[in-house]
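J.: Going by UniProt numbering, the first residue of the sequence shown is number 1, and it counts up by one from there.
Just so it is clear, CB atoms sit at the ideal spot from N, CA and C, and this is done for glycine as well.
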Amino acid sequence: MDLGYRLIIAVCRIAFRWLGLRFRVTGLHHVPRRGGALLAINHTAHVDFIFAGFGVLKANGRLVRFMAKKSIWQHPVAGAVMRMCRHIPVDRQAGAEGYRLAVESLLDDQLVGIYPEATMSRSFEVKELKTGAVRMAQDTGRPIIPTIVWGSQRIWTKDHPRNTTRSRIPVHIAFGEPIHVRPGDDIAATTVELRRAMARLLDEVIAGYPAMSGDDLAFLPRRWGGTAPTPAEAYDRDLADMTRTTDEWTR
1 MDLGYRLIIA
11 VCRIAFRWLG
21 LRFRVTGLHH
31 VPRRGGALLA
41 INHTAHVDFI
51 FAGFGVLKAN
61 GRLVRFMAKK
71 SIWQHPVAGA
81 VMRMCRHIPV
91 DRQAGAEGYR
101 LAVESLLDDQ
111 LVGIYPEATM
121 SRSFEVKELK
131 TGAVRMAQDT
141 GRPIIPTIVW
151 GSQRIWTKDH
161 PRNTTRSRIP
171 VHIAFGEPIH
181 VRPGDDIAAT
191 TVELRRAMAR
201 LLDEVIAGYP
211 AMSGDDLAFL
221 PRRWGGTAPT
231 PAEAYDRDLA
241 DMTRTTDEWT
251 R
């Protein structure tokens, strides 16, 4: 079952060894061994999904169906991989179909990975969250597992070149206590609760991560002594990106 997906994972394991990546996975007991669940993952790097999925596989051998922007499916190679792994395409302009597919996967007892921040965090803090994860959990009765991936931003993130050297970068993956959304729960308030849970877990992971110095401080939040953009500065850059993209489409 899912032989193509597992073959890709085997190739990734070889790449991990070549790069000398050092993994630490915590909170494995929070990931259910059976039944549907939604992994709400922080987003600091282009490769977060690889490591979040690896952490789950390490926990109990299960595979994760990730929600990702639909444009990836248009790439001849990446698109074939996404279809092979049965990931879930999301059209940011019309997200109803992606939402429906994710709900179906959860009800089919799959693990679904979602990035509730919607876009990558340049500050490496947890941004404001969209409500989709909480709505899915409420519609399906499946739990949300707060999930943090840390260290992947040192490999490939916005505004920085890729690091594909044998750098032996530590990558820490943490799974938090499940959040159950009841039918009558307030969606907005529960989304705030989810963000707080993710932020607390992020702080725990950073506190236990090897100290960064020199050029690596660019990958550490400002309040932790790093030189990454503040959330306000990151917002301004994100806004500039969105404005530039809109201008390109309207020319």
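#1: Are the stretch 25–32 and the stretch 55–67 touching by the rule of at least three beta carbon pairs closer than 8 Å?
#2: Give me the Cβ distance between Gly36 and Thr119, rounded to the nearest whole Å; I'm assuming they're in contact under 8 Å.
#3: Using only alpha-carbon positions, find the residue among Arg122, Arg196 and Val77 that is nearest to Phe226.
#4: So which of Arg62, Cys85 and Arg200 has the shortest CA-CA distance to Trp73?
#5: CB of Asp108 to nearest heavy atom of the ligand HEM: below 8 Å?
#6: By the 10 Å Cβ neighbour count, where 16 or more other Cβ atoms means buried, how is Thr243 classified, buried or exposed?
#7: Tell me the DSSP secondary structure of Trp156 in three-state form.
#8: Exposed or buried, Glu177, counting other C-beta atoms within 10 Å across all chains shown (16 or more means buried)?
#9: Hey, could you find the ends of the alpha helix (DSSP H) Phe16 is sitting in?
#10: Take Arg168 as the anchor and find which of Gly4, Ala15, Ile9 and Asp2 has the nearest alpha-carbon.
#11: Does the distance from the CB of Asn42 to the CB of Val126 come in under 9 Å?
#12: Roughly how many angstroms lie between the CA atoms of Leu111 and Thr165, to the nearest whole one?
T.: Answer, in terms of the structure:
#1: yes
#2: The Cβ separation is near 25 Å, so there is no contact.
#3: The question names Phe, but residue 226 is Gly in the sequence shown. Per the Cα distances, Arg122.
#4: Cys85
#5: Ligands in the displayed structure: none, and consequently the ligand HEM is not present.
#6: exposed
#7: coil
#8: exposed
#9: Leu3 to Leu19
#10: Ala15
#11: yes
#12: 32 Å
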